[in-house]
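See below for the structure under consideration.
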Ligand SMILES: [Zn+2]
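In the working numbering, the protein residues as written are 5 to 157.
Below you can see the structure in the form of structure tokens.
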């Protein structure tokens with residue numbers, strides 16, 4: 005293992021460890037790759053700002069939780085919102101396929117948007133930090149299932 009002191013794009017110095025052989029100077033590529041990134045603190049701060057921007061742009065409701073939880077959850081919601089919009093586009097494109105009607109599409113989309121605007125507990129977003137958009141998609145699917153099969157499948 006070798007230790008390198010690098011300067012990140014944000015201007016901060018960072019120490020990184022690189023494992024593996026360096027007989028052919030393989031470490032140089034990883035050092036350059038790392039130098040093209042911001043440090044963790046700046047990267048996290050940028051994610052939090054992006055989340056806050058999505059909250060403002062989409063006029064999403066404020067989240068509840070600790071200050072730290074809210075910043076983290078807003079970043080997750082900020083990433084999920086555009087992914088949900090891509091799901092919306094896919095669903096709209098699926099209208100007419102296999103009996104998927106505009107009404108079914110509306111149920112699914114409304115349920116997904118309800119999560120984006122209605123889930124205000126930071127905890128929920130943090131619990132879905134890896135799969136928020138997919139979780140929202142599944143909630144939409146479940147809402148449609150409940151309409152199509154009101155007595156269960
Ligand atoms: Zn930095």
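Every residue, glycine too, gets a C-beta built ideally from N, C-alpha and C. This one's a predicted model, so the numbers in the text were calculated from it and none came from an experiment.
{"query": "Can you tell me whether residue 59 is buried or exposed, with buried defined as 16 or more other CB within 10 angstroms of its CB?", "result": "buried"}
{"query": "List the DSSP bridge partners of residue 21.", "result": "7"}
{"query": "Would you kindly work out how many angstroms separate the C-alpha atoms of residue 98 and residue 149, rounded to a whole number?", "result": "16 Å"}
{"query": "Tell me the DSSP secondary structure of residue 155 in three-state form.", "result": "coil"}
{"query": "Could you check the C-alpha separation between residue 95 and residue 141 for me, to the nearest Å?", "result": "10 Å"}
{"query": "Taking DSSP as the reference, what is the three-state secondary structure of residue 135?", "result": "coil"}
{"query": "In this structure, does DSSP put residue 68 in helix, strand or coil?", "result": "strand"}
{"query": "Closer than 8 Å: is that where the CB of residue 46 sits relative to any heavy atom of ligand 1?", "result": "yes"}
{"query": "Who are the near neighbours of residue 147 in its chain, counting only those whose CB is closer than 8 Å to its CB and skipping five residues on each side?", "result": "111, 112, 114 and 115"}
{"query": "How far does the alpha helix (DSSP H) with residue 109 in it reach, from first residue to last?", "result": "106 to 122"}
{"query": "Determine the direct distance from the alpha carbon of residue 79 to that of residue 52, and round the result to whole angstroms.", "result": "5 Å"}
{"query": "Note down, in chain order, each residue of its chain lying with its Cβ closer than 6 Å to the Cβ of residue 132, except the 5 sequence neighbours on either side.", "result": "139"}
{"query": "Between the region 62 to 69 and the region 120 to 127, are three or more C-beta pairs nearer than 8 Å?", "result": "yes"}
{"query": "Hey, is residue 16 close to ligand 1, as in C-beta under 8 Å from one of its heavy atoms?", "result": "yes"}
{"query": "Rounding to the nearest angstrom, what Cα-Cα distance links residue 30 and residue 16 in this structure?", "result": "24 Å"}
{"query": "First and last residue of the alpha helix (DSSP H) that includes residue 125?", "result": "Looking at the DSSP string, residue 125 is not in any alpha helix (DSSP H), and its letter there is neither H nor E."}
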